[in-house]
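From first to last, the protein sequence lines are chains A and B. Per my numbering, the first sequence starts with residue 304, numbered consecutively. Per my numbering, the second sequence starts with residue 304, numbered consecutively. Ideal placement from N, C-alpha and C gives every residue a C-beta, glycine not left out. Everything on this sheet refers to the single structure shown next.
2 protein chains.
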Amino acid sequence: MAKEQTITKRSEDYSEWYLDVIKEADLADYGPVRGSMVIKPNGYAIWENIQKVLNDKFKKSGIENAYFPSLIPEGYLKKEAKHVEGFAPECFVVTHAGGKSLEEPLVVRPTSETIIYEMFSRWVTSYRDLPLLMNQWVNVLRSEMRTRLFLRTSEFLWQEGHTAHATEKEAGERARQMIDEYADFAKEYLAMPVFVGEKTETERFPGAQTTYTIEGMMQDGKALQSGTSHLLDANFTQAFNIKFLDSDGVEKFVRSTSWGVSTRIIGGIIMTHSDDKGLVLPPKIAPIKAVIIPVYTSDEEKKIVIFRVEQIAKELRDQNLEVKVDNRDLRPGPKFFEWEKKGVPIRIEIGPRDVQNNSAIVVRRDNGEKLVVEFDSLAAEVVTLLDRIQVDIYNRALKFREEHTTIVSNYDELKKSVSTGFAIAHWCGNSECEKKINEETKATIRCIPFDQSKSAGKCIYCGKQSAYQVIFARAY
Amino acid sequence: MAKEQTITKRSEDYSEWYLDVIKEADLADYGPVRGSMVIKPNGYAIWENIQKVLNDKFKKSGIENAYFPSLIPEGYLKKEAKHVEGFAPECFVVTHAGGKSLEEPLVVRPTSETIIYEMFSRWVTSYRDLPLLMNQWVNVLRSEMRTRLFLRTSEFLWQEGHTAHATEKEAGERARQMIDEYADFAKEYLAMPVFVGEKTETERFPGAQTTYTIEGMMQDGKALQSGTSHLLDANFTQAFNIKFLDSDGVEKFVRSTSWGVSTRIIGGIIMTHSDDKGLVLPPKIAPIKAVIIPVYTSDEEKKIVIFRVEQIAKELRDQNLEVKVDNRDLRPGPKFFEWEKKGVPIRIEIGPRDVQNNSAIVVRRDNGEKLVVEFDSLAAEVVTLLDRIQVDIYNRALKFREEHTTIVSNYDELKKSVSTGFAIAHWCGNSECEKKINEETKATIRCIPFDQSKSAGKCIYCGKQSAYQVIFARAY
C-alpha cells in the first residue's frame with residue numbers, strides 16, 4: 304500500500320509539521336531569492352477571503368483604499384529618528400535605474416509611513432481636510448536572515464492603514480478602534496482567540512507613541528503577533544511638518560495612526576487549527592467550504608451517482624457555498640486524504656446506496672465526525688454545520704490557550720510556563736527587568752492586556768511595586 | 304461670482320485638459336520620486352471595480368490568483384535574449400539589502416515572466432501538471448523619463464496572467480481567448496470601442512511569438528494600447544528548460560502565454576468619455592452611480608427634504624446601487640459642479656417642491672439631459688437610465704472613432720489621417736516600410752485587425768503586394 308502519511312507529526316517536530324502542512328496543502332513555496340516566498344493559488348485564496356472581510360470592515364468605518372509608490376527616497380526614512388533606526392538595517396536599496404546610478408538611493412517600502420506623510424503634507428492645510436482615512440493592500444520588503452513561510456519572509460503582503468486627524472483624542476480612538484476590529488476579525492472569522500493589549504516601549508513600532516497588538520497562541524505554546532495598530536500622534540507629522548489651520552485659527556500638527564495585518568496571519572491560522580492530517584481552516588475563511596466525492600465501482604453506478612452529485616452541488620451553490628465536486632478518475636481513499644490535507648471543512652460522500660437511501664455521508668474535517676444527512680435537508684444542514692465548526696474550533700483553540708496560560712506568582716513558575724505557553728505576571732514597567740527576563744527565558748512581553756482588573760502586585764523579576772499584569776511568552 | 308471653470312478646454316490644450324480632469328476628480332497625484340504616481344481613493348475605486356470584473360472573468364475561465372516575488376535575480380532576465388534587450392534598460396536595480404552589498408543584483412519586476420517560469424520549472428514534470436493557469440495583481444516598475452499620470456509612470460499596477468500548456472495549439476487558443484476577454488471587457492464595461500488584432504514583429508512583447516492587442520481611440524485621435532496578450536510559445540520555456548513528460552512518453556517543452564491590463568486603462572477611460580466639465584465614467588465601472596443633492600433654503604425645508612432624500616437613497620441602495628447623499632452645508636450650485644467634475648453618472652436633485660410633487664429632477668452627467676421622475680418609479684428608472692447611459696456613451700465613442708478612421712488609398716491621405724485619427728491601409732509586411740512611415744508620420748502600426756476581409760492590395764508605402772490591412776495611428 305502507498306504511504307499516505309506525508310506529514311510529520313506535531314509531537315515529533317513542530318517546525319517540520321508546519322512546513323509539511325503548507326507543502327501538502329499546496330499553499331506556498333520558497334522563491335529563488337533567499338527569504339522570498341511564492342504564495343500559490345490555495346494560499347492566495349485564503350488571503351483574498353481575508354481581504355474581503357477586512358475591506359468590508361474598513362469601508363464601514365470610513366476607510367478608503369489608495370495606492371502609494373513602493374520606492375521611497377532614503378532620506379525620508381531618516382526624518383524620524385527611531386523609525387530609521389528600526390527599519391534602515393532591513394531595507395532593500397535601489398541604487399540604479401534606467402541604466403544609470405541614482406542621485407539618491409531609494410528603498411523599497413518596508414512600511415509606508417514616510418512616503419504617505421510626504422503626500423499628506425501636500426494635501427492637508429485646513430481642519431476641513433481632516434480626517435484622512437486611507438488604506439493600501441501592498442507588498443513590503445524587509446531583509447530577513449532566518450525565514451519561515453508566511454511567518455517571516457523578506458517580502459510579504461499586507462494592508463497598511465494610515466489616518467490623519469485634528470486631535471490626539473481622535474487619533475487615539477482610531478488606533479484603538481482598529482485593534483478592536485482586528486481582534487473581532489481574528490475571533491469571528493479566523494476562530495483565533497487573541498489577547499488584545501498594548502505593547503511595552505521595547506516592543507513598540509519604531510516611531511510610535513503607543514502600539515496595540517493582538518497576540519494569538521500557537522499549538523506549541525508560542526505567541527504570534529497577528530496584527531498591530533499604532534498611535535503615532537505627532538511623531539511623524541512633526542518630522543514631516545504636517546500642520547493644519549484649525550477651526551480656532553491656530554496652526555497645529557496633525558495626529559496620525561497606522562495599522563496593519565499581513566500574510567503572516569495565514570501562518571497563525573495554520574498553527575492554531577491544523578492537525579497531524581494537515582490543514583484545518585475556519586469555514587468562514589476557507590476558499591472551498593465543502594467537497595463532494597462521488598463513490599462508485601461501475602460505469603452504471605457512476606452515471607447514477609454523478610447525476611445526483613451534480614444536483615446536490617447545485618443546491619449547495621444556491622446557498623452561496625463554494626463547493627468542489629471531485630470527479631477525477633481516482634479511488635475515493637486518496638481523494639479523502641487529499642482534501643483532508645487541504646483543509647476543506649466538510650466532505651460529502653455519495654455512493655449508489657446513498658442515492659437509493661436519499662442521503663449522504665457528511666464528514667467534518669475538524670473532528671472526523673460522520674453524519675448521515677438526507678438529501679432534502681443537506682444544503683441547510685451544511686450551512687448549519689459550517690457555523691458549528693466555526694464555533695467549535697474557536698472553543699477548542701480557546702480551551703487550549705486557557706490550559707496553556709498560567710497566572711504565575713514567582714519567577715520559577717514563569718520560566719516553566721513560558722516553555723509550554725503564556726505566563727501572566729506582574730511587571731514593574733522597567734525595561735531592565737523586561738530585558739533580563741528575555742535573556743534568561745527567551746520570553747518577551749507580548750502585551751499589557753486591556754482585559755485585566757489592574758490590581759496592585761509585585762514585579763515578577765525585581766519584586767517592586769506593579770500596577771498591572773502583562774503576558775510573557777516566547778514568540779514567532 | 305466664483306470662477307467655476309477650473310478645467311482647461313480640450314480645444315485649447317488636450318494634455319492640460321487631461322491633467323486637469325484627473326486633478327479636479329481627485330483621481331491621482333504625482334509622487335515625490337520622478338515618474339511615480341499616487342492613486343488616490345477616487346482613482347483606486349475605479350481600479351477596484353476593474354479588478355472585480357476581470358477577476359470574475361478569469362475565475363470563470365479557470366484562472367487562479369497567486370503571488371510571486373517582486374525581486375528577480377538579474378541573471379534571469381538575461382536568459383531570454385529579446386526579453387533582456389527589451390526590459391533591462393528600464394529596470395530598477397537593488398544592489399544592497401540588510402546593510403550589505405548583494406552578491407547578485409536584483410531587479411524590481413518590470414514584468415514577471417522570468418521569475419514565474421523559474422517556479423513553473425520546479426512544478427511541472429508531467430502532462431498531468433498542465434495546464435497551469437495563474438494570474439497576479441501587482442505593482443511593476445519601469446523607469447520612464449517622460450511621464451503622464453496613468454498613461455506612463457515608473458510604477459503602475461496591473462494584472463499579469465501566465466499560463467503553461469502542453470501544446471502550442473492550446474497555448475495559442477488561450478492567448479487569443481484572453482484578448483477576446485479584454486475586448487469584451489473594454490466594450491461592455493468601459494464602453495470603449497477597441498480594435499482587436501495582432502501586433503507586427505516590431506511592436507511585439509520582447510520574447511513573444513505573437514502579441515495580440517486591443518487599441519482604443521482617444522478624443523485627440525491618438526491610439527491607446529489598452530491590453531495585450533502574448534503567445535510566448537516555447538521561447539521562454541526553452542530558456543528556462545521547462546520540459547514535461549507527455550502522455551505519449553515523449554519529453555517536450557511547455558508552451559506558455561502571458562497577458563495583462565494595467566492602470567493605464569484608467570487614462571483610456573478618461574480620454575474616451577470625459578468632456579470640458581470633467582470626468583465622465585461608464586456607469587458599470589463608476590464607484591458612485593448616483594449622487595442625491597437635497598435643495599432647501601430654510602431649516603424647516605431642510606427637515607422635510609432630508610427625510611425624503613434618505614428614503615430615496617435607501618430605495619436605490621436596495622437595488623444594489625452605490626449612492627452618495629451630499630448633505631454638506633454648501634449651496635447646491637458648487638455641489639453640482641463638484642459631482643460633475645467627479646464623473647458621477649446621475650445627479651438627483653430633490654427640493655421642497657419636488658417632495659410636494661412626489662418627483663425628483665434627474666440629470667445625466669454624460670449629456671446634461673434633465674428628467675422629472677416620480678419617486679415611486681425612481682429606483683427602477685435610475686437602473687434603466689444607467690444602462691442607457693452605458694450604451695449611449697459607447698455609441699458616442701464608436702461614432703467618434705468611425706468619423707476619425709479613414710481607409711486610405713495613398714500615402715498623402717495616410718499622413719493627413721493620422722494627424723486626426725486612425726488610418727487603415729494595406730502594408731506589405733516589411734519592417735522597413737513600417738519604420739519609414741513611423742519616421743515620416745510619427746504613426747505606428749497599432750495592429751493587424753482580426754476583423755477584416757483580407758482582400759489583396761498594395762502597400763501604402765512601397766506599393767508591393769499586400770495580403771491584409773493594418774491600422775496606423777499616433778499613440779500614447
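Per DSSP, the bridge partner or partners of residue i
| i | result |
| --- | --- |
| residue 546 of chain B | B:556 |
| residue 520 of chain A | A:526 |
| residue 498 of chain B | B:518 |
| residue 650 of chain B | B:594, B:666 |
| residue 463 of chain B | B:439, B:563 |
| residue 316 of chain B | In DSSP, residue 316 of chain B forms no bridge with anything. |
| residue 468 of chain A | A:558 |
| residue 709 of chain A | A:726 |
| residue 533 of chain A | A:514, A:561 |
Pairwise C-alpha distance: residue j and residue i
| i | j | result |
| --- | --- | --- |
| residue 834 of chain A | residue 460 of chain A | Nothing can be reported for residue 834 of chain A: it is not among the residues displayed for chain A, which extend from 304 to 779. |
| residue 764 of chain A | residue 730 of chain A | 7 Å |
| residue 466 of chain B | residue 440 of chain B | 15 Å |
| residue 484 of chain B | residue 328 of chain B | 29 Å |
| residue 563 of chain A | residue 464 of chain A | 6 Å |
| residue 416 of chain B | residue 509 of chain B | 11 Å |
| residue 735 of chain A | residue 713 of chain A | 18 Å |
| residue 835 of chain A | residue 372 of chain B | The structure shown has nothing for residue 835 of chain A, since chain A only spans 304 to 779. |
| residue 555 of chain A | residue 434 of chain A | 14 Å |
| residue 594 of chain B | residue 604 of chain B | 20 Å |
| residue 414 of chain A | residue 380 of chain B | 28 Å |
| residue 570 of chain B | residue 775 of chain B | 21 Å |
| residue 623 of chain B | residue 524 of chain A | 46 Å |
| residue 572 of chain B | residue 376 of chain B | 36 Å |
| residue 304 of chain A | residue 638 of chain A | At residue 304 of chain A the pLDDT is 40, less than 50, meaning the model places this residue with poor confidence; the figure from the coordinates comes in the next sentence. Cα to Cα, the separation comes out at about 15 Å. |
| residue 503 of chain A | residue 732 of chain A | 8 Å |
| residue 585 of chain A | residue 319 of chain A | 22 Å |
| residue 710 of chain A | residue 574 of chain A | 23 Å |
| residue 663 of chain A | residue 681 of chain A | 8 Å |
| residue 391 of chain A | residue 481 of chain A | 27 Å |
Extent of the continuous beta strand (DSSP E) run through residue i
| i | result |
| --- | --- |
| residue 627 of chain A | 626-628 |
| residue 409 of chain A | 403-411 |
| residue 750 of chain B | 747-752 |
Beta-carbon proximity list for residue i, same chain, < 7 Å, skipping 5 on both sides
| i | result |
| --- | --- |
| residue 587 of chain B | 492, 693 |
| residue 306 of chain A | Any reading at residue 306 of chain A must be qualified, since the residue scores a pLDDT of 49, below 50, and its modelled position is unreliable; no value is offered. |
| residue 561 of chain A | 416, 463, 464, 465, 533, 535 |
Same chain, Cβ closer than 6 Å to residue i, five either side skipped, listed in chain order
| i | result |
| --- | --- |
| residue 517 of chain A | 485, 486, 489, 497, 499, 529, 530 |
| residue 394 of chain B | 410, 413 |
| residue 368 of chain B | 438 |
| residue 625 of chain A | 591, 592 |
| residue 316 of chain A | none |
| residue 589 of chain B | 648 |
Residue range of the alpha helix (DSSP H) that includes residue i
| i | result |
| --- | --- |
| residue 701 of chain A | 678-706 |
| residue 764 of chain B | Element bounds for residue 764 of chain B: n/a, residue is neither H nor E. |
| residue 424 of chain B | 416-426 |
| residue 384 of chain B | 384-390 |
| residue 481 of chain A | 471-491 |
| residue 341 of chain A | No alpha helix (DSSP H) contains residue 341 of chain A, which is instead part of the beta strand (DSSP E) from 340-342. |
| residue 640 of chain B | 635-644 |
| residue 658 of chain B | 655-660 |
Own chain, CB closer than 8 Å to residue i, minus 5 neighbours either side, in chain order
| i | result |
| --- | --- |
| residue 739 of chain A | 764 |
| residue 405 of chain B | 397, 398, 399 |
| residue 476 of chain B | none |
- Flag this pair as touching only if the region 346-361 of chain A and the region 376-396 of chain B have three or more C-beta atom pairs under 8 Å; answer yes or no. No, because fewer than three Cβ pairs between the region 346-361 of chain A and the region 376-396 of chain B fall closer than 8 Å, the two stretches do not touch.
State whether the region 567-579 of chain B contacts the region 631-641 of chain B, with contact taken as three or more CB pairs (one from each stretch) at a distance under 8 Å. Touching, no.
*Is it a yes or a no for the region 616-625 of chain A touching the region 660-677 of chain A, going by three-plus beta-carbon pairs under 8 Å?*
With a cut-off of 8 Å on Cβ pairs, the region 616-625 of chain A is not in contact with the region 660-677 of chain A, counting fewer than three such pairs.
Taking contact to mean 3 or more Cβ pairs, one atom from each stretch, closer than 8 Å, check whether the region 653-673 of chain A and the region 531-543 of chain A are in contact.
no
contact_flag[the region 315-327 of chain A, the region 647-655 of chain A] where n(CB pairs < 8 Å) is 3 or more: In the pairwise beta carbon analysis, the region 315-327 of chain A is classified as not touching the region 647-655 of chain A: fewer than three pairs are separated by under 8 Å.
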